[in-house]
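Protein chains in written order, with full-length UniProt numbering: chain A, 1 to 120; chain B, 1 to 176.
For reference, the structure is listed below as structure tokens.
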Amino acid sequence: MWPRLINAALGIWLMAAPAVLDYGVPAANNDRIMGPLIATFAVIAIWETTRELRRVNAFWGAWLIIAPLLLGYEGAAVINSIAVGVVVIGVSMIRGKVEGHFGGGWTALWRPEHAERAND
Amino acid sequence: MPIIILALIGFFIAAYMALFQFNLIDSVWEPFFGDGTRRVLTSGISEAFPIPDAALGALGYILDVVTGAIGGRDRWRTMPWIVIIFGLAVGPLGAVSIGLVMMQPVVVGAWCTLCLTTAAISVLMIGPAMDEMLASLQYLRRVHDTDDRSVWRAFWGMDTAPVSASVQPEVTPDVA
Numbered sequence: 001m002w003p004r005l006i007n008a009a010l011g012i013w014l015m016a017a018p019a020v021l022d023y024g025v026p027a028a029n030n031d032r033i034m035g036p037l038i039a040t041f042a043v044i045a046i047w048e049t050t051r052e053l054r055r056v057n058a059f060w061g062a063w064l065i066i067a068p069l070l071l072g073y074e075g076a077a078v079i080n081s082i083a084v085g086v087v088v089i090g091v092s093m094i095r096g097k098v099e100g101h102f103g104g105g106w107t108a109l110w111r112p113e114h115a116e117r118a119n120d
Numbered sequence: 001m002p003i004i005i006l007a008l009i010g011f012f013i014a015a016y017m018a019l020f021q022f023n024l025i026d027s028v029w030e031p032f033f034g035d036g037t038r039r040v041l042t043s044g045i046s047e048a049f050p051i052p053d054a055a056l057g058a059l060g061y062i063l064d065v066v067t068g069a070i071g072g073r074d075r076w077r078t079m080p081w082i083v084i085i086f087g088l089a090v091g092p093l094g095a096v097s098i099g100l101v102m103m104q105p106v107v108v109g110a111w112c113t114l115c116l117t118t119a120a121i122s123v124l125m126i127g128p129a130m131d132e133m134l135a136s137l138q139y140l141r142r143v144h145d146t147d148d149r150s151v152w153r154a155f156w157g158m159d160t161a162p163v164s165a166s167v168q169p170e171v172t173p174d175v176a
């Protein structure tokens, strides 16, 4: 649970950061787009059946790390973007507790042998 | 059941904002962002559809409430069609909400507290709706693989065979 809550909080922080740290475009626009995305995938991944969606946030985190270079950030926005990106990637790696087998999960839909293995 | 309550709350908030967009009420509640809600709800994006976007949202939440409430706990196999409509309704509604949240500051240049609230509600509904969706899809896959039964008929719940314990999914739906 807590890894998902951390990334959700970081997503919400990105939405507020342009106002709090007082920086403008292009960093502000990018952060205001990435923030809702990261928070959304983090929240959906709270539930065990959709836990693997946590991995999507690693891509957004990687983008946050390279965005300052590609989009030409200045000042506090550079540090903020890279720092948040690093933490988001790290936290998205944590699988957490998954107790259910869910009949082999989503992969069982296109690879039925997974369903049989899960029932052994 | 918690999903249905969330959807009902979402419906009431969206309906309230739609009343403002239809000019049936003069002002709209906004505790944090000044005239942010007014600016968002009267923006070009909000009026890009034939009817105001909050009214579309309200319709979406009603669809969630109805398709979330129909049927019993075993509806993942007795009526897969309603489970899949429910899952498809919850997913895109969340996606649209998040898209609008991105556009508020980037395109309109303002935040809207109630819009953020409904977006959060939409996102919270996705995860718990997906376990039931998965159970239905796995059930249809098994009908497809192991039986001479018709997936089409199973989808509409027309011949719901009892599922033996050994293949019953461990997914237990939260809703209904």
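Backbone N, C-alpha and C define an ideal beta-carbon position, used for all residues, glycine too.
Note that the structure is predicted; figures quoted are calculated from it, not measured.
How big is the Cα-Cα spacing for residue i and residue j?
i      : j     : result
V106/B : R32/A : 7 Å
L8/B   : F20/B : 19 Å
V65/B  : I4/B  : 5 Å
A129/B : Y61/B : 14 Å
W156/B : L69/A : 53 Å
L6/B   : I82/A : 35 Å
E132/B : T78/B : 12 Å
I44/A  : F11/B : 20 Å
L137/B : P31/B : 43 Å
So with Cβ pairs under 8 Å, would you call residue i a contact of chain B?
i      : result
V20/A  : no
D120/A : Below a pLDDT of 50, predicted positions are generally treated as unreliable, and D120/A, at 41, falls in that range; the measurement from the model is reported next regardless. Judged by the 8 Å Cβ criterion, D120/A is not in contact with chain B.
G90/A  : no
N7/A   : no
N80/A  : no
Cβ atoms of residue j and residue i: under 8 Å apart, would you say?
i      : j      : result
M125/B : G87/B  : no
A154/B : G36/B  : no
G85/A  : G61/A  : yes
D145/B : P112/A : yes
L134/B : F102/A : yes
R141/B : L109/A : yes
Excluding five sequence neighbours on each side, which residues of the same chain lie with their C-beta closer than 7 Å to the C-beta of residue i?
i     : result
R17/B : Per the sequence shown, residue 17/B should be read as Met rather than Arg. The residues are V28, L41, A54 and L114.
A17/A : D31 and N80
L10/A : I38, V84, V87 and V88
Does the CB of residue i have a neighbour CB from chain A at under 8 Å?
i      : result
L124/B : yes
M130/B : yes
I121/B : no
R141/B : yes
Give me, in chain order, the residues of the same chain whose beta-carbon lies closer than 6 Å to that of residue i; leave out the 5 immediate sequence neighbours on both sides.
i     : result
A58/B : F11, A14, A15 and A18
For residue i, which residues of its own chain have a beta-carbon under 8 Å away from its beta-carbon, when the five flanking residues on both sides are left out?
i     : result
W13/A : G35 and V84
Open item on the list: Does the contact criterion of 3 or more C-beta pairs under 8 Å hold for the region 17-27 of chain A versus the region 69-77 of chain A?
Closed with: With the rule of 3 Cβ pairs closer than 8 Å, the region 17-27 of chain A counts as touching the region 69-77 of chain A.
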